[in-house]
Amino acid sequence: MSVQTSETPRGEVPNWLWSAGVAAFAVAWWLVYGQLIAVSEWIVSYLPVDRHSHTGEALAFFFYDVPKVMMLLTLIVFAMGVVRSFFSPERTRALLAGKREGVGNVMAAGLGVLTPFCSCSAVPLFIGLVSAGVPLGVTFSFLIAAPMVNEVALVLLFGLVGWQVAVTYFVFGLVIAIIAGWVIGRLHLEGWLQGWVRDIHSGASTPAAVEGERLTLVDRYKLGLEAVREIFGRVWVWIILGIGMGALIHGYVPEDLMVRIMGADAWWSVPAAVLMGIPMYTNAAGVIPIVEALLGKGAALGTVLAFMMAVIALSLPEMIILRQVLTLRLIGVFVGVVGSGILAVGLLFNVLF
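For the sequence shown, the residue numbers in my numbering are 446 to 798.
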């Protein structure tokens, strides 16, 4: 009689080695992520360009942001793939039942505030939430709040223009994220997702884990890797394209023209500032120096804040990346709803301050 001495079939990697590998990957990810700025500066230092020139600024931005967003995409999609193995889309929707028109939006916006992502960095988690079956309006509340309202922007605004403006900005930014997500959710636009995302969202392409089937930890790791392979393979080209465009704009910002327009005491200054902000791309911390320069040259506070919100919540590079997840119609709704909220905040700030 033969006796089985190991639970691991011959030729398969044992469970402990999988777990050790995932742990090693997490540590390596953290160490590499912390060195991205230094690495980007090192790369640019070896290029035949002046670091402080427009080209040098654009290249440093590109070499930092591409690996940053790629690493975030890999980590978050893998994590969401593992989490999704515990909660099928049907179960996730059941857990959020009754929250999709209020509490869910507030929770998602609050999560966005706690995650200091720029708009393009927030897209990976947005994709993960959609693929996990989270209601579309709730995911949009996160996507809006994550870049628009974070502790870095609040601290810098506090130091620049005082606590009253910082707190007012925080409240209105959060309200925009909650209401815009709620409105988009009420429109029931899930049919306007890209086909492959719609299939994931509806559970059509969910891995065949039957309800009640007990998956091993290794099975869950494999589902996470499969999620990375599928989603990463669809969007990586567009991420590079979007960040490349953002880097060019970041390095060649026409500051004098923006000051002339946003310093104008006219009704059209706020809409013009929003339109000027959309093609640009940076995070909240990166746009604060521009805000300070504009305010120092006499631009209206509401107009400048509307510009800031447009840059970090409606950037064109973000739209390019989202195009792989959303149809043009849904992107149009997103821009229209969020843009209307930003216009309202800009006009109100000009009246209040």
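Don't be surprised by glycine CBs; every beta carbon is placed ideally from N, CA and C.
Reduced DSSP category for L801 - H, G, I as helix; E, B as strand; rest coil: Here the chain covers residues 446 to 798 and nothing more, so residue 801 does not appear.
- request: Given a cut-off of 8 angstroms, decide if A505 and S485 are closer than it, judged by their beta-carbon atoms.
  value: Yes, the Cβ-Cβ distance between S485 and A505 is below 8 angstroms.
- prompt: Closest to I684 by CA distance: which of M515, D495, H497, L574 is it?
  reply: Out of M515, D495, H497, L574, M515 has the C-alpha closest to the C-alpha of I684.
- prompt: Span of the alpha helix (DSSP H) holding R631?
  reply: 608 to 631
message: By the DSSP assignment, the alpha helix (DSSP H) with W637 in it spans what residues?
response: That residue, W637, is in no alpha helix (DSSP H); it is neither H nor E in DSSP.
- request: With a threshold of 16 other CB atoms inside 10 Å of the CB of W475, please say whether the residue is buried or exposed.
  value: By the 10 Å Cβ count, W475 comes out exposed.
- request: Tell me, to the nearest whole angstrom, how far the beta carbon of L668 is from that of E635; I am working on the premise that it is less than 8 angstroms.
  value: The pair is not a contact, with the Cβ atoms about 23 angstroms apart (cut-off 8 angstroms).
query: Relative to the C-alpha of F615, which residue among L588, F798, M754, V575 is closest?
result: The shortest Cα separation from F615 among L588, F798, M754, V575 belongs to M754.
message: Please state whether the Cβ-Cβ distance between L599 and A611 is less than 8 angstroms.
response: yes
- request: Give the single residue among W641, L792, S785, I688 whose Cα lies nearest to the Cα of Q769.
  value: Ranking the options by Cα distance to Q769, first place goes to W641.
Sufficient close CB pairs (3 or more, under 8 angstroms) joining the region 485 to 503 to the region 459 to 474: no
field: Residues of its chain near T748, where Cβ-Cβ distance is below 7 angstroms and the 5 sequence neighbours each way are ignored
entry: M707, S714, V715, A718, G791, N795
message: Is the beta carbon of G549 closer than 8 angstroms to that of V594?
response: no
message: Helix, strand or coil, according to DSSP, for H497 in the structure here?
response: coil
- prompt: Which of the three DSSP states, helix, strand or coil, is assigned to F798?
  reply: coil
task: Could you pull the start and end residues of the alpha helix (DSSP H) that V579 belongs to?
output: Run containing V579: none; DSSP gives neither H nor E here.
message: Tell me the residue span of the alpha helix (DSSP H) that contains M721.
response: 714 to 722
query: Quick one: what's got a C-beta closer than 8 angstroms to I589's C-beta in the same chain, skipping five residues either side?
result: A554, G557, I621, A622, A625, G626, A758, V783
- prompt: Alpha carbon to alpha carbon, what distance is there between L746 and V673?
  reply: 42 angstroms
- prompt: For S760, does the three-state DSSP call read helix, strand or coil?
  reply: coil
- prompt: Just curious, the alpha helix (DSSP H) that V472 is in, first and last residue?
  reply: 460 to 478
message: Distance check for A465 and W637, CA to CA, integer angstroms please.
response: 41 angstroms
- prompt: Among G630, L481, F585, W712, which one has its Cα closest to the Cα of L517?
  reply: L481
query: Can I723 and L761 be called in contact, C-beta distance under 8 angstroms?
result: yes
task: Report buried or exposed for D510, applying the criterion of at least 16 other Cβ atoms within 10 angstroms of its Cβ.
output: Within a 10 Å sphere around the beta-carbon of D510 sit 16 or more other beta-carbons, which makes this residue buried.
message: Check for me: the alpha helix (DSSP H) holding V484 runs from which residue to which?
response: 481 to 490
- request: Just tell me which of G547, F752, E763 has its CA closest to the CA of R631.
  value: That would be G547, whose Cα lies nearest to the Cα of R631.
- request: Could you check what DSSP says for A672 in three-state terms: helix, strand or coil?
  value: Taken through DSSP and simplified to helix, strand or coil, A672 comes out as helix.
- prompt: What is the DSSP secondary structure of G786, reduced to helix, strand or coil?
  reply: helix
- request: For T613, count neighbouring Cβ atoms within 10 angstroms of its own Cβ and tell me buried if that reaches 16, exposed if not.
  value: buried
- request: Mark A483 as exposed unless 16 or more other C-beta atoms lie within 10 angstroms of its C-beta, in which case mark it buried.
  value: exposed
Whole-angstrom distance between E763 and L797, CA atom to CA atom: 31 angstroms
query: Should G696 and T500 be called a contact, given that it needs their Cβ atoms to be closer than 8 angstroms?
result: yes
message: Give me, in chain order, the residues of the same chain whose beta-carbon lies closer than 6 angstroms to that of G657; leave out the 5 immediate sequence neighbours on both sides.
response: Its pLDDT being 44, under 50, G657 is placed unreliably by the model, and the measurement read from it follows with that caveat. Counting only Cβ-Cβ distances below 6 angstroms, and skipping sequence neighbours, we find nothing.
- prompt: Of the residues A503, F508, E675, G573, which one's Cα is nearest the Cα of I521?
  reply: Per the Cα distances, G573.
query: Excluding five sequence neighbours on each side, which residues of the same chain lie with their C-beta closer than 7 angstroms to the C-beta of L395?
result: Residue 395 is absent from the structure shown; the chain starts at 446 and stops at 798.
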